[in-house]
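Input: a single structure, listed below in structure tokens.
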Amino acid sequence: MTEVRTRFAPSPTGFQHLGGFRTAFFAYLLAKKHGGQFLLRIEDTDRERLVPGAIRFIVEELGWLGIQIDEGPSREELKAIGELWDGAPEIGGPCGPYIQSLKLKRYKEVAEELISKGFAYRCDCTPEMLERERAEQMARRELPGYSGYCRTREVSADRPHVVRFKIPQKRALTLNDAVRGRVHWDSIPLRDTVLLKSDGFPTYHLAAMVDDHDMRISHVLRGVEWLSSAPVHLLLYEALGWQPPIFAHFPLVNGTDGKKLSKRSGALNARQVREMGYLPETVLNFVSLIGWAPGEGSNQEIFTRDELIKSFSLEGINQASGVFDATKMAWMNGLYIRNLSVGEFIERCKPYMELAGVQVPAEQFAALAPHVQERVKALTEVAPMLDFLADKPLTREMDSMFQKGIDAPKAREVLNRSLVVLEALPDFTVEAIDQALRGVATELGLKAGPAFGVLRVAVTGKTITPPLFESFAVLGKDTVLSRIRETLDLIPA
RNA sequence: GGCCCCAUCGUCUAGCGGUCUAGGACGCUGGCCUCUCACGCCGGAAACAUGGGUUCGAGUCCCAUUGGGGUCACCA
122 MTEVRTRFAP
132 SPTGFQHLGG
142 FRTAFFAYLL
152 AKKHGGQFLL
162 RIEDTDRERL
172 VPGAIRFIVE
182 ELGWLGIQID
192 EGPSREELKA
202 IGELWDGAPE
212 IGGPCGPYIQ
222 SLKLKRYKEV
232 AEELISKGFA
242 YRCDCTPEML
252 ERERAEQMAR
262 RELPGYSGYC
272 RTREVSADRP
282 HVVRFKIPQK
292 RALTLNDAVR
302 GRVHWDSIPL
312 RDTVLLKSDG
322 FPTYHLAAMV
332 DDHDMRISHV
342 LRGVEWLSSA
352 PVHLLLYEAL
362 GWQPPIFAHF
372 PLVNGTDGKK
382 LSKRSGALNA
392 RQVREMGYLP
402 ETVLNFVSLI
412 GWAPGEGSNQ
422 EIFTRDELIK
432 SFSLEGINQA
442 SGVFDATKMA
452 WMNGLYIRNL
462 SVGEFIERCK
472 PYMELAGVQV
482 PAEQFAALAP
492 HVQERVKALT
502 EVAPMLDFLA
512 DKPLTREMDS
522 MFQKGIDAPK
532 AREVLNRSLV
542 VLEALPDFTV
552 EAIDQALRGV
562 ATELGLKAGP
572 AFGVLRVAVT
582 GKTITPPLFE
592 SFAVLGKDTV
602 LSRIRETLDL
612 IPA
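Residue numbers for the first sequence follow my numbering, beginning at 122 and rising by one.
This is the structure in structure tokens:
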């Protein structure tokens, strides 16, 4: 096999959801598996849907995910289209520009070539004319589509016009798809599609084929939504006399409604998922398991990036579309968090703690980190679990204290006795606290659960916390005692 | 509607003609552990869409039906 070169070619029209990043990741995996290159190409040919900042979003989130781009827009290219930002990486490469709006001349050249060879023609039908034609077809209950009116007319290049590709209706075609096998058309159910728009910009069909060729892309990985237009692409390669790349049409990722993933169906994008406290390794691992499995009887589903690169293959791609199951991703994130070293865990929590405005002394954080680590499914859950360590007034869920046979007098009793016992401790260690407090419970004829429940709310304010004694030890004797006293004042006598 | 794609537990999937009384994971659920919540461990319920073929034998091959999805733009 010649060099493997794949690409991710998003249009900067908004924030890509995870389905898009999955395609990017698969393309990356295939390239890396074969020691090839992964490129990023910006398909900004739709002037109306451009969203400023979308390119930055894509580049930054790919970076967060650790998907290395071998070739892509240079800073100069970004600057040329007014999308350069501070800290934008210098990517570049030998096949640029990697931004389509920067190579309009090239597309026009190809379009002209197609016209001169008789594969395409100029069409000056106005949108109004096309609209009327469509309406008439609908009225006659015919399939709507361009009639080919301009096929035989000689439209002058001076007039506003588009360039259309002549689609031979009676032409059988077979695509050898890397994931679907042979896909066959007896005839092509498409009308003469536009290659070059009247504003001088190419459509996807022209631009993507030209670029894939120019950039020597070996494998085109894209969603099945492109399968129906694959005949156009095949025909285009044929007309141009170019060798088509290998096509691999991936199954879609659907939302829980069974429909193609979209913002409407609650699709998440990489940034959101990051803000929600997901680890990039979780996202990559999880997303790669939708529509792909290692096969060969393997049950493995936790993969490092390197393992993914090694195991990945187009043969392992499924035909059926999948559903994005956020619950399972949450589980996986918890698993990845638990597998982090404590130091790494603390490090990764930092930005989230800051964002939440929770300041916890490093030593205290370190002491409780292992306990927190096995309790969270997302990094954002850490701050609320540790905010009782912050030097701030506590808000207590007092009602939750009085349960399982604990009334106000009983609670006072627990707190009073604990106060005495804890105060007497020479060393405020986990073991000592453990022993002392269990003693209190026994003494008062209470089970450990309810008794400690009172203390938990009194000292941390919540019902769900890291282990009690550890938390107390970290908090220190003074704070614990004063918080117990505070609580005593809050309980009706 | 035309064309194309798809079809194993609720979800992600293993299975590439016999080893399938269909395996794993998430979720759900019973129990153990236990100071809350988690983690961990043990157990359970849960699927081959339907109908025809082919074959000694079909979850696995073929066809039809049904169901789902995609696409039919001067959007990608």
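By construction, the Cβ of each residue, glycine as well, lies at the ideal position given by its N, Cα and C atoms.
Around the beta carbon of R262, a 10 Å sphere encloses fewer than 16 other beta carbons of the protein chains shown; the residue is thus reported as exposed. Under the 8 Å Cβ criterion, the stretch 126-133 counts as touching the stretch 156-163, having at least three qualifying pairs. Looking at the DSSP output, E192 bridges to L160.
Here S383 has H138 and G376 as same chain residues with Cβ atoms under 8 Å from its own Cβ, once five neighbours each way along the sequence are excluded. For C244, the uninterrupted beta strand (DSSP E) segment begins and ends at A241 to C244. As summarised for the stretch 205-242, the continuous alpha helix (DSSP H) elements at least 4 residues long and confined to that stretch are 225-237, given in chain order. The Cβ atoms of Q221 and E164 lie closer than 7 Å to each other. With a beta-carbon spacing of about 6 Å, F371 and G412 fall inside the 8 Å limit used to define contacts. Annotated three-state conformation of P491 is helix, per DSSP. Cβ contact annotation for E204 (same chain, cutoff 6 Å, sequence separation greater than five): I176, in chain order. Boundaries of the alpha helix (DSSP H) harbouring A145: L139 to K154, taken from the DSSP string.
Rounded to whole angstroms, the gap between the alpha carbons of G379 and A441 is 12 Å. By the CB criterion at 7 Å, G582 and F486 fall outside the cutoff. Taking C-beta atoms as the reference points, W185 and P401 count as a pair closer than 7 Å. Across the set Y399, L223 and I527, the C-alpha of L223 shows the shortest separation from the C-alpha of L199. Counting other Cβ atoms within 10 Å of its Cβ, R395 reaches 16 or more and is therefore classed as buried. Within its own chain, the residues whose Cβ lies closer than 7 Å to the Cβ of M397, once the five positions on either side in sequence are excluded, are A499 and T501, listed in chain order. Inter-residue distance for R469 and L251 is about 56 Å (C-alpha atoms, whole angstroms). Going by DSSP, D298 is part of the beta strand (DSSP E) stretching over L294 to D298. With distances taken between CA atoms, V578 lies nearest to L515 out of S462, L515, G455 and E346. In the DSSP assignment, W413 falls outside any alpha helix (DSSP H), carrying neither H nor E.
One Cα belongs to E275, the other to R292, and the distance between them is close to 25 Å. L410 and E422 have their C-alpha atoms some 7 Å from each other.
In the three-state reduction of the DSSP assignment, A351 falls in the helix class. Here I309 is actually not in contact with I338; their C-beta atoms are around 23 Å apart, not less than 8 Å.
Under DSSP, P323 shares a beta bridge with L317. Looking at R312, T586 and E233, the one whose alpha-carbon comes closest to that of R255 is R312. Linking N454 to T425 through their CA atoms gives a straight-line distance of about 13 Å. Residue range A447 to N460 is occupied by the alpha helix (DSSP H) that includes I458. If you draw a straight line from the Cα of V408 to the Cα of P613, it comes to about 53 Å.
Burial is judged here by how many other beta carbons sit within 10 angstroms of a residue's own beta carbon; T403 has at least 16 and is buried.
By the criterion of at least three beta-carbon pairs nearer than 8 Å, the stretch 141-155 is not in contact with the stretch 353-366.
Taking V601 as reference, the option from L543, S419, P210 and P587 with the minimal CA-CA separation is L543. In this structure, G443 is the residue among F178, G443 and V497 with its C-alpha nearest to the C-alpha of K381. Check the Cα spacing between A299 and each of A329, L317, H340 and D332: the tightest is with H340.
Taking the CA atoms as reference points, M506 sits about 14 Å from L596.
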